[in-house]
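The next block holds one structure in the form of structure tokens; read it before the comments.
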Ligand code: NAD
Ligand code: ZN
Ligand code: ZN
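In the working numbering, the protein residues as written are 70 to 458.
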């Protein structure tokens, strides 16, 4: 089959690789009809995630048709149309029983690698390094889906791929980011990053009752999308003193909750940027944290900082003093996608949210390398790239 392969930092190729096979009685093989490139894939592309190997198949946002099921699969049959969540979860371990699916204790065969870096291992993920299981991803013609009875969500006929594909990751992720803010009536929620994840966090904050949403980015076309999709007020951090601007918009107090939808490759002009770039380059710090730092300092006292941007390792200049002295709550996680798929599918069916609004480019699978470049450099007003195998 054809698959999008990571060939090294900054190098992606669509190559011929062996077809996936059923390896376990609980597996299914899915023929992929739509897949997408995520901001998390950019961290792989830029070489920030350790334990990638040349030739690894990328992709963790995908859907398609069930072609084959293992002997023990009961909930799916050949021909079903499914969306596959990016964390692989067994459904039976202590974490899965608490609905903490991205922390499944049974799905990462390389748990020991993750334990070295993080103390304990989270779940295995599709297409996301060997320390997270080395599972081939879904930017391909076919994928093997382990624990097929637990993850994949059957999609009713009549809903086009583009409306449901993002149930695999970014819609639940944005939603979880907003949910972690414990939104109260009248709350003001500020979101760093107007990428697809940030845009869904903003929309979700609105659905969950936020009175106002403030979007922060430097790309005018993305801030424009934020205004259209969720009625957000927008701040371009290159044009204003962000802290002062947020203070002014919130009666001098700061937003009730701040969502970091940027992650470890945050951009920021100025001396701190140079400082972090150098430290990151020489390995003294693995993650650049401007957005997170700003979010912590800007959040109102007693408020919540919800971190859905991905971080991988260690950070520097972390404003712990602000967290303690101003009673801030920090919440975070890789999304527990399985928990949100059904309720969000219902919202899509009711027309409360149309996830396809973030799609800016539709490409053939063979054009994936171009898709990565365009999405990385935010060229051609790129917001979200969908690939069709
Ligand atoms: P993206 O690259 O399209 O969006 C990131 C946005 O952040 C860009 O618009 C960029 O201009 C903006 N940005 C950069 N520096 C900033 C700063 N200092 N202040 C404000 N904005 C800044 O990516 P995306 O697909 O939207 O993903 C965003 C993050 O979410 C990534 O880190 C990704 O890995 C993460 N993610 C997490 C989960 C999860 O389960 N927690 C799931 C999916 C994606
Ligand atoms: Zn993702
Ligand atoms: Zn589990």
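Idealized CB from N, CA, C, for every residue including glycine.
This one's a predicted model, so the numbers in the text were calculated from it and none came from an experiment.
How would you write the range of the alpha helix (DSSP H) that residue i sits in, first residue to last?
i: residue 365; result: 359 to 367
i: residue 134; result: Element bounds for residue 134: not the alpha helix (DSSP H) but the beta strand (DSSP E), 131 to 138.
i: residue 417; result: 406 to 418
i: residue 179; result: Unbroken run through residue 179: none, as it is neither H nor E.
i: residue 233; result: 230 to 233
i: residue 351; result: Where residue 351 is concerned, there is no enclosing alpha helix (DSSP H), given that its DSSP letter is neither H nor E.
i: residue 393; result: 389 to 394
Excluding the 5 residues preceding and the 5 following residue i in the sequence, name in chain order all residues of the same chain whose CB lies nearer than 7 Å to its CB.
i: residue 384; result: 354, 356 and 358
i: residue 169; result: 405
i: residue 122; result: 199
i: residue 240; result: 269, 413 and 424
Any idea which residues DSSP pairs residue i with across the strands?
i: residue 82; result: 74
i: residue 261; result: 285 and 329
i: residue 301; result: BP columns for residue 301 are empty, so no partner.
i: residue 194; result: 156
i: residue 334; result: 357
i: residue 430; result: 454
i: residue 101; result: 133
i: residue 147; result: Note: residue 147 sits in no beta bridge, so no partner.
i: residue 256; result: In DSSP, residue 256 forms no bridge with anything.
Residue i and residue j look like a contact to me (Cβ under 8 Å); what is the Cβ gap, rounded to whole Å?
i: residue 98; j: residue 89; result: 6 Å
i: residue 157; j: residue 216; result: 6 Å
i: residue 285; j: residue 260; result: 7 Å
i: residue 396; j: residue 370; result: 6 Å
i: residue 82; j: residue 438; result: 7 Å
Within the same chain, show all residues whose beta-carbon is closer than 6 Å to that of residue i, passing over the 5 residues directly before and after it, in chain order.
i: residue 252; result: 277, 278 and 279
i: residue 72; result: 86, 126 and 209
Quick check: residue i and residue j, are their CB atoms within less than 9 Å of each other?
i: residue 209; j: residue 303; result: no
i: residue 328; j: residue 247; result: yes
i: residue 25; j: residue 172; result: As displayed, the chain neither begins before 70 nor continues past 458, which places residue 25 out of reach and without an answer.
i: residue 243; j: residue 222; result: no
i: residue 102; j: residue 150; result: yes
i: residue 249; j: residue 373; result: yes
i: residue 450; j: residue 290; result: yes
i: residue 255; j: residue 154; result: no
i: residue 315; j: residue 367; result: yes
Here's a check: name, in chain order, each residue in its chain whose Cβ is nearer than 8 Å to the Cβ of residue i, leaving out the five neighbours to either side.
i: residue 112; result: 118, 332, 333, 334, 379 and 381
Grab the span of the beta strand (DSSP E) containing residue i for me, first residue to last.
i: residue 457; result: 454 to 457
i: residue 437; result: From DSSP, residue 437 is part of no beta strand (DSSP E) but of the alpha helix (DSSP H) over 437 to 445.
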